[in-house]
Amino acid sequence: MISHELLIKAIQSKWPQLVHGRDYWVAHPLGKDGQQSDDAFIAEWKCDVELPAISQLLALAETFRPTLAAEKARERRDGLLASTDWTQAADVPQQLKDLWAPYRKALREVPQQQGFPTDVVWPTKPA
């Protein structure tokens with residue numbers, strides 16, 4: 001299933017001058033459970049560029065799946081790292097720094113994992 005994020009990436013790759021929310025709107029249908037139920041689509045196209053065939057854009061969007069997965073994994077990793085920055089402050093006892101250091105190292109190494117970005121083993125926070 002193609003998400004709205006993937007479809008936006010496809011459009012941006014072909015027409016970098018276009019801005020989502022200004023020149024076009026992308027959406028996706030929702031099921032009764034509130035989750036995406038089918039491929040994203042172009043809800044509104046308000047620019048001089050000819051409206052592209054959705055089938056071609058969906059195929060192009062699929063090629064961005066690894067890129068988007070990597071961006072999301074790095075975003076999660078960066079957030080987890082930022083939430084532990086306090087553990088390395090100058091006034092934190094060395095014992096506490098040492099406890100958190102392996103976790104932080106493992107987070108920094110997430111992008112080097114064999115299955116990155118689609119099969120990430122997230123390290124466990126120290127107790």
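Numbered according to UniProt numbering, the sequence shown spans residues 1 to 127.
Glycine included, every Cβ here is placed at the ideal spot set by N, Cα and C.
Every value quoted in this text rests on a predicted model; they were computed, and no experiment measured them.
{"Asked": "Whole-angstrom distance between residue 106 and residue 118, CA atom to CA atom", "Found": "17 Å"}
{"Asked": "Whole-number beta carbon distance between residue 126 and residue 99, since they are thought to touch under 8 Å", "Found": "5 Å"}
{"Asked": "For residue 62 and residue 2, believed in contact at Cβ under 8 Å, the rounded distance", "Found": "7 Å"}
{"Asked": "Helix, strand or coil at residue 2 [DSSP, three-state]", "Found": "coil"}
{"Asked": "Cutoff 6 Å; reference residue 80; Cβ partners in own chain excluding five residues on either side", "Found": "107"}
{"Asked": "Environment of residue 10 [buried if 16+ CB atoms lie within 10 Å]", "Found": "buried"}
{"Asked": "Beta-ladder partner(s) of residue 42, from DSSP", "Found": "26"}
{"Asked": "Spatial distance of residue 115 from residue 101 (CA atoms)", "Found": "23 Å"}
{"Asked": "Helix, strand or coil at residue 56 according to DSSP, with G and I counted as helix", "Found": "helix"}
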